[in-house]
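J.: Below are the structure tokens for one structure; questions will follow.
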Amino acid sequence: MSVLPSPSRPLRLAAAIGRGDAADALDAEPYIRAARLAERGRLDFVTLGDSFTRRGPDALAVLARVAPATERIGLVPTVTTTHTEPFHVSSAVATLDWVSRGRAGWTVDVSTTEAEARLFGRRPAAPARALWREAAEVADVAGRLWDSWEDDAEIRDVATGRFIDRDKLHYVDFEGGDFSVRGPAIVPRPPQGRPVIAVDATASLPREAAARHADIAYVRAMNRSGAAGARADLRGRAAAHGRDPDALTVLAALTVDLTDGERAASADSASYEGKLTAGRGGRTRYRGGPVGLAALIGDWYEAGAADGFHITPADPDGDLERFVNGTVALLQHRGVFRTFYPGATLRAHLGLARPAGRYAPAPAGGIA
Amino acid sequence: MNTPVKKQIHLAAHFPGVNATTVWADPRSGSQIDFSSFEHLARTAERGLFDFFFLAEGLRLREHKGRIHDLDVVGRPESITVLNALAAVTDRLGLAATVNATFNEPYELARRLGTLDHLSGGRAAWNVVTSSDAFTGENFRRGGYLDRADRYTRAAEFVAVARELWDSWDGGGAPRPFAHSGRHFDISGEFGVRRGPQGHPVVIQAGDSDEGREFAASAADIVFTRHGTLAAGRAFYADVKRRLGAYGRRPADLKIMPGATFALGDTAAEAQEKAAEIRRLQVSPQNAILALEQVWGRDLSAYDPDGPLPDIDPDPESQLVQGRVRIGDPLAVAAKWRALAAAKGLSIRQTVIETTGRQSFIGTPESVAAELDEFVQTDAADGFILIPHLTPGGLDDFVARVVPLLQERGSFRTRYEGTTLRDHLGLARPPAAPAPDAPAPDPKDPDAKDPDAPAPARGTRGAAVKG
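Chains as they are written, first to last, in the numbering used here: chain A, 13 to 380; chain B, 1353 to 1819.
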């Protein structure tokens, strides 16, 4: 039993629902099944990774397809910023928020490879430093575009014949290093005001972008102290940018192998951290049973090493089921994780307020 | 029953647009952005057994006199994302997105359309549009200006490349590396999405110019055209269908679908009254002055919409209006409007109502069904893209009252025969290239059991439009 004080903020849980190269990776059904399963476990959100060189569907499209088939769970696709148009990315994420009625997020990523550059033939591959600088700009301009319509811009005033109050629509006039955007957005301000932004902040370049612009940061750590160090670093950087550190939710990212793991865990003498290994691509892999995973989650969370966890099931079907029915059920039973959704939007699940638009005038009368 | 099969009408539902056709000052007018509105219209269209649902595109808010235009409905979602969501609440309805070929790149768009085709079970369509203006370009990386000729060569090469990418997975289900080097695109690699249920998503093209017609004949499956008179419709139809032969295509390979508006009533007189009321709502006093300013290219805000037309002449060099189609010859249009106003004693507002955008079909359900059928049976059209004036219920009456009459006439389906948009349109699935060393067709691969013998011209037609 932990002797540390309980954290004041509720535990956050998310799961990846990617299917890799599976034969059914282009069908809607397996994604809907997985998202509904995660929703039954009351997870905060599901994610779907993406890159242009990966075989499989466009991630944002899949989660738009999933949106009407689910009710509460957050939907967070990866959308890259290197070869895409910032204006289109902002519109697509805002639209995902509209079709999901306030459940959209966006994992920002870059395209560093020659192979990706050749698919577009528009700009050569560039160093990660330049690409993450640009990714931060794209996240920045997307936020401005989402704010470019004030919430009450639509007036439908028959007397004057005006549908909108154009004084409540704003040019963003953003000048980035390699692009500029005039605005305003074509999409009215989304239900969440600004959809939630996530970044894999394990490496230092994306970590800086996360500290400035993200609501959620994923970190891959091999042990509790590694996770705690990354979280403290991110919170410190966010504070240095003038942000409230609590506005940045840090999730420890784990690939979990619970199917094979349970068999391997029969001689359960090693500590759960002994079940963590370095997987492919710098991933942290947990190989063990659902009960051991619940112990790990509870321990890291209660120690303040992470605000929650992002789980990538090694087997997209079996391991997600074991996670929800085993690990999550246990955490709920212990009162560590929610058993119902108190809110309807992803921001509500994450305890994030709906932000006021940056162009809207401050409310009269000053701060109450 | 062995009655000969009548030529069938194809129908599409256009979500009400960002323009003065869409009436918002009506108590029944709902949200232009809530998903429930899109769902309502799509479900209505599917209940009416329509071929497809159609979304236009916006890339920059329109401006007038240097300020954002505020009189019309404005604000819309990104098309492909909405269509993927609609795929979840419909089963058969085709899903068409308007996407600009100037401000997108082939790899990404082919991937997004290919994904939509998979996730919807073969219902994706792409309305290819081009634009060149620096005004829209201010929101995009490429910025600036593409001259008119380049817009079409880029669009043609874009469509050809997209088809190369969709075809880069062979009948055996394996990807082949692609490499395309052309005037506008120089790209290579491996495409990440295998061929969708339709082989190629359906391609729609809009535009009446000679270049547009030629592009449609070479590369499109559907032409979205402006509806005119029966005679003009027949002339357009004959001209475009005649051009197909040069590309090895048959007349049935390209469907001609004018955009059409309508007003229904229990009697002819009631329909006319309703039509007039809709026109009055579409042309508010403020919108009348705006329409006038679009022609004149001058600030006319001092004029009374219920008073006479201005005496001063239009400014043909005006930059007053941004983000809209330019009026061709303002001096000629102004002369015509003045003549009409003088002859009938019309005010500014009455003149605008009289000269712009009257409904295409006005009448009882019986007469409208008969007129629509006549257009199709006499080869003025293959069907219609219906543009309702109300969101989201603008097609409710049409589906409840006109569709059954078209069915009674034997001109419209009474159930969906197939599952894909190509099935609805009677368009063959383009054949996939065979696997390089495929000994026998895989029975599970839809390409292998395509009942339509490959028409060789289809497989190579991309080459015909390459610049």
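Even glycine gets a Cβ: it sits at the ideal position worked out from N, Cα and C.
In whole angstroms, give me the CA-to-CA distance for Pro1368(B) and Arg1586(B).
T.: 27 Å
J.: Spatial neighbours of Tyr1768(B) within its chain, please: CB distance less than 8 Å, with the 5 preceding and 5 following residues excluded, ordered by chain position.
T.: Leu1401, Arg1444, Asp1775 and His1776
J.: Expressed to the nearest angstrom, what Euclidean distance is found between the alpha-carbon atoms of Leu72(A) and Gly1597(B)?
T.: Distance between the alpha carbons of Leu72(A) and Gly1597(B): 40 Å.
J.: Run through DSSP, which three-state label would Glu100(A) get?
T.: Correcting the residue type first, residue 100(A) is His in the shown sequence and not Glu. It is helical.
J.: With distances taken Cα to Cα, identify the nearest neighbour of Thr1505(B) among Ser1570(B), Gly1473(B) and Ala1408(B).
T.: Ser1570(B)
J.: Grouping DSSP H, G and I as helix and E and B as strand, with all else coil, what is Lys1820(B)?
T.: Outside the modelled stretch of chain B, which goes from 1353 to 1819, sits residue 1820(B), for which no answer is possible.
J.: Residues of chain A with CB closer than 8 Å to the CB of Glu1490(B), please, in chain order.
T.: The contacting residues are Ser192, Val193 and Arg194.
J.: Who are the near neighbours of Tyr230(A) in its chain, counting only those whose CB is closer than 6 Å to its CB and skipping five residues on each side?
T.: Excluding residues within five positions, the ones whose Cβ falls inside 6 Å are Asp212, Leu263, Ala265 and His322.
J.: If you draw a straight line from the C-alpha of Ile1714(B) to the C-alpha of Asp1749(B), how long is it?
T.: 13 Å
J.: Ignore the nearest five residues each way along the sequence and tell me which others in Gly369(A)'s own chain have a CB closer than 6 Å to its CB.
T.: Asp159 and Glu162
J.: Determine the extent of the alpha helix (DSSP H) in which Val262(A) is found, giving its start and end residues.
T.: It is not in any alpha helix (DSSP H) - Val262(A) instead sits in the beta strand (DSSP E) that spans Thr261 to Asp269.
J.: Any C-beta of chain A sitting closer than 8 Å to the C-beta of Phe1872(B)?
T.: Chain B is shown from 1353 up to 1819; residue 1872(B) falls before or after that span and cannot be answered.
J.: State the start and end residues of the unbroken beta strand (DSSP E) segment that holds Ile209(A).
T.: Val208 to Asp212
J.: Keeping to the same chain, check which residues put their C-beta closer than 6 Å to that of Gly310(A); ignore five residues upstream and five downstream.
T.: So the list reads Val348, once near-sequence residues are dropped.
J.: Is there a C-beta anywhere in chain A that falls below 8 Å from the one on Glu1645(B)?
T.: no
J.: At which residues does the alpha helix (DSSP H) containing Arg113(A) begin and terminate?
T.: Per DSSP, Arg113(A) belongs to no alpha helix (DSSP H) and is neither H nor E.
J.: Decide if the segment 39 to 52 of chain A is in contact with the segment 1403 to 1417 of chain B; the criterion is three or more beta carbon pairs, one per stretch, under 8 Å apart.
T.: No, the segment 39 to 52 of chain A does not touch the segment 1403 to 1417 of chain B.
J.: Quick one, which residues of the segment 1526 to 1544 of chain B are near chain A if we go by CB-CB under 8 Å, in chain order?
T.: Pro1527, Phe1537, Asp1538, Ile1539, Ser1540, Gly1541, Glu1542 and Gly1544
J.: If you follow the beta strand (DSSP E) that Thr1450(B) is in, where does it begin and where does it stop?
T.: Gly1446 to Asn1452
J.: Less than 8 Å between CB atoms is the rule here; does Ala81(A) satisfy it with respect to chain B?
T.: yes
J.: Alpha carbons only, please: which of Gly1735(B), Val1426(B), Asp1605(B) and Asn1452(B) is nearest the one belonging to Asn1371(B)?
T.: Of the candidates Gly1735(B), Val1426(B), Asp1605(B) and Asn1452(B), the one whose C-alpha sits nearest the C-alpha of Asn1371(B) is Val1426(B).
J.: Is the segment 1546 to 1556 of chain B in contact with the segment 1467 to 1478 of chain B, if contact means three or more CB pairs nearer than 8 Å?
T.: Contact holds: three or more Cβ-Cβ distances are below 8 Å.
J.: Give me the Cβ distance between Val150(A) and Pro98(A), rounded to the nearest whole Å; I'm assuming they're in contact under 8 Å.
T.: Between the beta-carbon of Val150(A) and that of Pro98(A) there is about 5 Å, and that keeps the pair under the 8 Å contact cut.
J.: Identify whether Thr1707(B) lies in helix, strand or coil by the three-state DSSP scheme.
T.: helix
J.: Would you list, in chain order, the members of the segment 106 to 118 of chain A that have their beta-carbon closer than 9 Å to a beta-carbon of chain B?
T.: Ala106, Thr107, Leu108, Trp110, Val111, Ser112 and Arg113
J.: Mind pulling the beta strand (DSSP E) runs of 3 or more residues that sit fully within the segment 1686 to 1743 of chain B?
T.: 1713 to 1715 and 1735 to 1738
J.: Might you give, ordered along the chain, the residues of its own chain that have their beta carbon closer than 7 Å to the beta carbon of Pro42(A), omitting 5 neighbours on each side?
T.: Arg31 and Asp36
J.: Select from Ala1628(B), Arg1601(B) and Gly1580(B) the residue whose C-alpha is nearest the C-alpha of Met1609(B).
T.: Gly1580(B)
J.: Please report whether the beta-carbon of Ala26(A) lies at a distance below 8 Å from any beta-carbon of chain B.
T.: no
J.: Tell me the residue span of the alpha helix (DSSP H) that contains Asp1538(B).
T.: Here Asp1538(B) belongs to no alpha helix (DSSP H); instead the beta strand (DSSP E) covers Asp1538 to Gly1541.
J.: Whole angstroms is fine: what's the gap from Ser1533(B)'s alpha carbon to Ala1462(B)'s?
T.: Straight-line measurement puts the Cα of Ala1462(B) at about 17 Å from the Cα of Ser1533(B).
J.: Mind listing which residues of the segment 1627 to 1643 of chain B have their C-beta closer than 8 Å to chain A's C-betas, in chain order?
T.: Ser1636, Pro1637, Gln1638 and Asn1639
J.: Applying a beta-carbon distance threshold of less than 9 Å, which residues of chain B neighbour Thr65(A)?
T.: Those within 9 Å of Thr65(A) in chain B are Gly1541, Glu1542 and Gly1544.
J.: Going by DSSP, what residues sit across from Val1673(B) in a beta bridge?
T.: Note: Val1673(B) sits in a beta bridge opposite His1416(B).
J.: Would you report the Cα separation of Val340(A) and Glu1391(B), rounded to the nearest angstrom?
T.: 34 Å
J.: Would you say Glu1457(B) faces chain A, with C-beta separation under 8 Å as the test?
T.: yes
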